[in-house]
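**Student:**
In full-length UniProt numbering, the protein residues as written are 1 to 433.
(1) From what residue to what residue does the alpha helix (DSSP H) around residue 321 run?
(2) Going by C-alpha to C-alpha distance, which of 314, 52 and 119 sits closest to residue 413?
(3) Beta-carbon separation of residue 94 and residue 145 under 8 Å?
(4) In terms of alpha-carbon separation, which member of 153, 411 and 80 lies closest to residue 386?
(5) Flag this pair as yes or no: are the beta carbons of residue 59 and residue 409 separated by less than 8 Å?
(6) Just verifying my parser: in three-state terms, what is the DSSP assignment at residue 71?
(7) Assess, as a yes-or-no matter, whether the segment 102 to 121 is touched by the segment 266 to 276 under the definition of 3 or more beta carbon pairs within less than 8 Å.
(8) At the level of alpha carbons, what is the spacing between residue 352 and residue 266?
(9) In its own chain, which residues sit with a C-beta less than 7 Å from the C-beta of residue 359, not counting the 5 before and 5 after it?
(10) Roughly how many whole angstroms lie between the Cα atoms of residue 99 and residue 364?
(11) Look at the Cβ atom of residue 138, then the Cβ atom of residue 318, and state whether they are nearer than 8 Å.
(12) Shortest alpha-carbon distance to residue 56 belongs to which of 320, 378, 295 and 73?
(13) Cutting at 7 Å between CB atoms, please list the residues of its own chain near residue 142, excluding the five before and the five after it.
(14) Helix or strand or just coil, what does DSSP make of residue 14?
(15) Quick one: using the 10 Å Cβ neighbour count with 16 as the cut-off for buried, is residue 324 buried or exposed?
(16) Roughly how many whole angstroms lie between the Cα atoms of residue 96 and residue 367?
(17) For the putative contact between residue 147 and residue 87, defined by C-beta atoms under 8 Å, what is the C-beta separation to the nearest angstrom?
(18) I'd like the ranges of any alpha helix (DSSP H) spanning at least 4 consecutive residues and lying wholly in the segment 342 to 408.
(19) Please name the residue in 391, 85 and 296 whose C-alpha comes closest to that of residue 163.
(20) Pull up the distance between the alpha-carbon of residue 426 and that of residue 150, whole angstroms please.
(21) Which of the three DSSP states is assigned to residue 7 in this structure?
(22) In its own chain, which residues sit with a C-beta less than 7 Å from the C-beta of residue 159, not counting the 5 before and 5 after it?
(23) Is the beta carbon of residue 152 less than 8 Å from the beta carbon of residue 259?
(24) Jot down the residue ranges of each uninterrupted alpha helix (DSSP H) in the segment 105 to 161, minimum 4 residues, whole runs only, in chain order.
(25) On the three-state DSSP scale, how would you describe residue 23?
(26) Are the CB atoms of residue 68 and residue 292 within a distance shorter than 8 Å?
(27) Would residue 48 and residue 306 be called neighbours here (beta carbons separated by less than 8 Å)?
(28) In this structure, does DSSP put residue 283 in helix, strand or coil?
Right under this line is the structure:
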């Protein structure tokens with residue numbers, strides 16, 4: 001039994017402006033649910049996540065500036081914050097580009113569905129290929145932002161190593177050589193451990209993304225009796241709807257598991273910054289400037305490392321989406337059969353994957369819009385920091401409040417992450433039954 005060809009894009013007449021054309025349509029119950037499910041899976045790889053990371057990073061840098069005042073590294077942290085401001089501006093521009101590009105992709109899909117319905121295969125495939133070009137351009141933008149954040153992190157790491165060494169020498173001049181070496185060794189071990197943790201997080205993320213890429217590539221290797229559609233969301237099987245549904249459920253479980261891994265890594269990252277903040281709070285504000293400087297730089301490195309990882313994940317997402325779009329639009333006899341099937345008022349495999357992609361691009365448009373709105377706040381925050389650099393007395397007066405503010409923000413994030421992790425674990429438990 002066949003079902004009639006359904007074009008999901010008819011729910012939105014125009015795609016010229018997100019606020020006036022798309023946002024009202026997302027209030028529809030069915031569309032809202034489908035977009036929300038996609039939005040959750042994009043949570044760790046979206047521009048919105050980068051915006052949130054940049055906002056958190058601004059609070060960390062403001063605290064580091066106050067904590068390091070009186071030490072030579074304060075000038076470097078201020079310089080890093082200035083370059084951070086440039087990164088924020090570039091990210092703001094990128095988010096606007098992400099949003100406009102998402103709207104363009106939605107237009108291409110709307111026209112592609114029309115041509116599929118008319119049986120004009122070449123025209124539809126040309127439009128789908130254009131979405132691959134969009135993803136490629138957005139991948140390039142994300143790569144540039146990743147490089148900027150990586151450069152800033154490396155600069156902070158270099159300063160941290162130099163400051164830690166200088167701290168050791170300063171202690172030795174006070175006839176505390178043995179104690180200083182022990183302290184420096186412990187600090188260096190701690191730095192090495194944190195650096196290893198950062199590298200492990202990045203490697204784990206790459207491994208997860210590579211595994212996802214291999215899984216998605218494997219889904220392109222199809223048999224006539226068991227056709228799997230790229231992106232891991234549908235399987236059209238001659239065994240019937242039951243096999244297709246089970247495959248979908250298995251893939252959704254795998255996606256939730258990957259999302260859970262990202263949430264737990266974020267939880268560990270926040271805890272590391274929280275520990276450093278508490279350590280900073282325990283120090284005398286007028287005490288050893290070297291000790292405060294080292295912790296301030298550690299906070300800076302950790303914050304910039306988290307931002308770099310976020311941009312890296314976004315770049316990897318666009319790279320995978322580019323490959324996906326190329327394969328959907330590229331030569332494939334089975335997908336072409338799906339085109340013909342759709343043109344004969346039946347639901348073909350291509351229509352299924354196009355429908356799924358349509359909702360994903362809607363979710364991308366939504367998260368990109370939220371990122372654009374949020375970046376205005378981030379720009380204001382960083383501008384305020386650079387316009388109100390403290391003198392020695394102001395730094396001492398502000399530090400306690402900044403530490404409390406950063407700790408409060410981390411605790412709020414901790415509660416949100418805890419709820420998100422519990423929600424995903426609960427869904428995984430239900431799916432396992």
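Note that beta-carbon positions come from the ideal geometry of N, C-alpha and C, so glycine has one too.
As the structure is a computational prediction, the values presented were derived from the model and not from experiment.
**Tutor:** A quick look at the data gives this:
(1) First-last of the alpha helix (DSSP H) with residue 321: 289 to 329.
(2) When only C-alpha atoms are compared, the closest one is 52.
(3) The Cβ-Cβ distance between residue 94 and residue 145 falls below 8 Å.
(4) Distance check between residue 386 and each of 153, 411 and 80 places 80 closest, using alpha-carbon atoms only.
(5) In contact: residue 59 and residue 409 (Cβ atoms closer than 8 Å).
(6) Here residue 71 sits in coil by DSSP.
(7) No, they do not touch.
(8) Taking the Cα positions, residue 352 is about 34 Å away from residue 266.
(9) Excluding residues up to 5 positions away in sequence, 34, 35 and 38 lie with their Cβ nearer than 7 Å to the Cβ of residue 359 in the same chain.
(10) Approximately 8 Å, taken between the alpha carbons.
(11) In this structure, residue 318 lies closer than 8 Å to residue 138 by Cβ.
(12) Just measuring C-alpha positions, the residue of 320, 378, 295 and 73 sitting nearest residue 56 is 378.
(13) Here the set comprises 311, 314, 315 and 318.
(14) Residue state, collapsed to three classes: coil.
(15) Burial call: buried.
(16) The alpha-carbon separation between residue 96 and residue 367 amounts to approximately 11 Å.
(17) Not confirmed; about 10 Å, so no contact.
(18) With a minimum length of 4 residues, the continuous alpha helix (DSSP H) runs that stay inside the segment 342 to 408 are 349 to 387.
(19) Nearest of 391, 85 and 296 to residue 163, Cα basis: 296.
(20) The alpha-carbon atoms of residue 426 and residue 150 are separated by roughly 36 Å.
(21) Looking at residue 7 - three-state DSSP - the assignment turns out to be coil, as it is neither helix nor strand.
(22) Closer than 7 Å at Cβ, skipping near neighbours: 73, 76 and 297.
(23) Taking 8 Å as the Cβ cut-off, residue 152 and residue 259 do not qualify as a contacting pair.
(24) Listed in chain order, there is nothing to give.
(25) Residue state, collapsed to three classes: coil.
(26) Contact flag set, yes.
(27) No, Cβ-Cβ distance for residue 48 and residue 306 is not below 8 Å.
(28) Coil.
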